[in-house]
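Since the structure comes first, as structure tokens, the remarks are kept for the end.
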Amino acid sequence: MWQVYFKELTELMRDKKTLIFVILLPIFIFPVIFGVMGLVLSSTTNKAMQEEHRYVLVNAELAPQFADALFYHKNFKQIASDKSTEAELVAAIRNDEIDVAIIIPADFADKRSSAEQAQWQIIYNQSSQFDFMYRYFSELLTSFNEQLQRETLTKLNVDQAKLAAIIKPVDVKKVDTADKRENIGEKFGAVIAYILIPLCLLGASYPAIDMGAGEKERGTLETLLICPISRVSIVLGKFLTVLTTGLVGALITVGSFGIWGAIIGSFAGMAVVQEAMSAIAITELVLIFSLLLPISAVFAALLLAISIYARTFKEAQNYISPLTIMIFLPLVAAMMPGVELNSKTALVPIMNVALAIKELIKGTADYMMLALIFGSTLLLAAVAIGFCVHWFQQEKVLFR
1 MWQVYFKELT
11 ELMRDKKTLI
21 FVILLPIFIF
31 PVIFGVMGLV
41 LSSTTNKAMQ
51 EEHRYVLVNA
61 ELAPQFADAL
71 FYHKNFKQIA
81 SDKSTEAELV
91 AAIRNDEIDV
101 AIIIPADFAD
111 KRSSAEQAQW
121 QIIYNQSSQF
131 DFMYRYFSEL
141 LTSFNEQLQR
151 ETLTKLNVDQ
161 AKLAAIIKPV
171 DVKKVDTADK
181 RENIGEKFGA
191 VIAYILIPLC
201 LLGASYPAID
211 MGAGEKERGT
221 LETLLICPIS
231 RVSIVLGKFL
241 TVLTTGLVGA
251 LITVGSFGIW
261 GAIIGSFAGM
271 AVVQEAMSAI
281 AITELVLIFS
291 LLLPISAVFA
301 ALLLAISIYA
311 RTFKEAQNYI
321 SPLTIMIFLP
331 LVAAMMPGVE
341 LNSKTALVPI
351 MNVALAIKEL
361 IKGTADYMML
371 ALIFGSTLLL
381 AAVAIGFCVH
391 WFQQEKVLFR
């Protein structure tokens, strides 16, 4: 078994494609891709926050204080227009003449004097993912509403010292019991698992295809089978090689992300994130690796079984694609709001490991639950390895 393992590992290290997939991509390509994605998202968000919105305010003379606040806001630009009906303003927005229209009802003053609630209209395209415009408008309207409340209460001869308590009877002060690490872990823990687990699969994919379908195409599988080594030893040696490349690829990627993150964080002023992440102990990092080990074994066994069954390299790639999609489904489920680690989710493959990594990064892991996850995943790995060994012993599979 170990002879096959070292032989396969040596051949992989001589293969330029393996070096690219397992070493070059994790060290340089993936961090660059995620960095570019982050910069694009940050740039898009900043642009949306600073965008100037063209607006029309109908019946502005009825609310001069609000009209002035809107006029002097840096994110709004008034456009002169004779359009005043809803249909005309909707058409103007669709024709890109304006971005937003606010209609103050003609009876606003009468309703104010009779202490009735008035309904304003804001017309704009709500399909944007970055709806900062409505946030700015809401802030202005909230301030204007408070101002109107103060004016009304002053007319009623209410004591000025009590105005704040009347306008806002209850003021809430948040006291957060979670530390920085727990907050960051809750937000980014699932994302880290979302990156780590697929990387274990990706790092093992190419070597698995090469050692199964690749050997069939090259005609070297038959030569290996006539060697004085049992088929169990051959398949276990290949399995360990695939497992090693998967774990090495994931570890290199994590190390690369850590180094690049520290470099970028030192320039971007992300001291809070650095402080929180530095609180993760070596024990917890070892536990994360321990959880990745059995799930990587599952991936390695399944990938090798698929590769052994396939006739060609391309056929093996086609079979592996659905497996990749199936792996992402539980990872996405683990990122859903309200999904927590409990006795039920601890038995769901892949999702349980993702939730456990999240809890370890938060520093709130239940070690009994971790033991349950490790045990169930280890059992699944044993079943997958057993299937792979059985699969490799079938003549109808090897020589399709």
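In terms of the UniProt record's numbering, the sequence shown opens at residue 1 and continues consecutively.
Don't be surprised by glycine CBs; every beta carbon is placed ideally from N, CA and C.
With a threshold of 8 Å on Cβ separation, who are the neighbours of residue i within its own chain once the five nearest residues in sequence on each side are excluded?
{"i": "A204", "result": "V242, L243, T245, G246, G249, S296, F299, A300 and L303"}
Where do the N-terminal and C-terminal ends of the alpha helix (DSSP H) with residue i fall, by residue?
{"i": "H53", "result": "First-last for H53: H53 to V58, but that is the beta strand (DSSP E), not the alpha helix (DSSP H)."}
{"i": "Y124", "result": "Careful: Y124 lies outside any alpha helix (DSSP H), inside the beta strand (DSSP E) at Q121 to Y124."}
{"i": "V100", "result": "Not the alpha helix (DSSP H): V100 falls in the beta strand (DSSP E), residues V100 to I103."}
{"i": "A300", "result": "I282 to Y309"}
{"i": "E88", "result": "E86 to R94"}
{"i": "K216", "result": "E215 to R218"}
{"i": "I361", "result": "M351 to K362"}
{"i": "L62", "result": "Element bounds for L62: n/a, residue is neither H nor E."}
{"i": "A365", "result": "Where A365 is concerned, there is no enclosing alpha helix (DSSP H), given that its DSSP letter is neither H nor E."}
{"i": "K173", "result": "Here K173 belongs to no alpha helix (DSSP H), and DSSP marks it neither H nor E."}
{"i": "K396", "result": "E395 to L398"}
Specify, as a first and last residue, the run of the beta strand (DSSP E) that residue i falls within.
{"i": "Q317", "result": "Unbroken run through Q317 is the alpha helix (DSSP H), F313 to A334; no beta strand (DSSP E)."}
{"i": "A77", "result": "A small correction: the amino acid at residue 77 is Lys; Ala does not occupy that position in the sequence shown. Unbroken beta strand (DSSP E) run through K77: F76 to Q78."}
By DSSP, does residue i sit in helix, in strand, or in coil?
{"i": "F132", "result": "helix"}
{"i": "H73", "result": "coil"}
{"i": "I229", "result": "coil"}
{"i": "T345", "result": "helix"}
{"i": "Q147", "result": "helix"}
{"i": "F374", "result": "helix"}
{"i": "N183", "result": "helix"}
{"i": "D159", "result": "coil"}
{"i": "E340", "result": "coil"}
{"i": "F239", "result": "helix"}
{"i": "S127", "result": "coil"}
{"i": "residue 406", "result": "Here the chain has residues from 1 to 400 only, and residue 406 is not among them."}
{"i": "K47", "result": "helix"}
{"i": "M211", "result": "helix"}
{"i": "E222", "result": "helix"}
Just to confirm, is the Cβ distance from residue i to residue j under 8 Å?
{"i": "I104", "j": "N59", "result": "yes"}
{"i": "P349", "j": "P322", "result": "no"}
{"i": "A316", "j": "A334", "result": "no"}
{"i": "R94", "j": "K77", "result": "no"}
{"i": "I357", "j": "L196", "result": "yes"}
{"i": "G212", "j": "S307", "result": "yes"}
{"i": "L70", "j": "L163", "result": "no"}
{"i": "N75", "j": "E97", "result": "no"}
{"i": "G219", "j": "V4", "result": "no"}
{"i": "F313", "j": "I209", "result": "yes"}
{"i": "L148", "j": "A109", "result": "no"}
In chain order, what residues of the same chain lie with their CB nearer than 7 Å to the CB of residue i, ignoring the 5 residues before and after it?
{"i": "C388", "result": "V235, F239, A301, L304 and A305"}
{"i": "Q393", "result": "R231"}
Which residues in the same chain as residue i place their Cβ atom closer than 6 Å to its Cβ, once the five residues preceding and following it in sequence are excluded?
{"i": "A165", "result": "none"}
{"i": "I288", "result": "I357 and L360"}
{"i": "A346", "result": "N352, M369, L372 and I373"}
For this session: Could you tell me whether the region 283-297 touches the region 363-380, where touching means 3 or more Cβ pairs closer than 8 Å?
Result: yes
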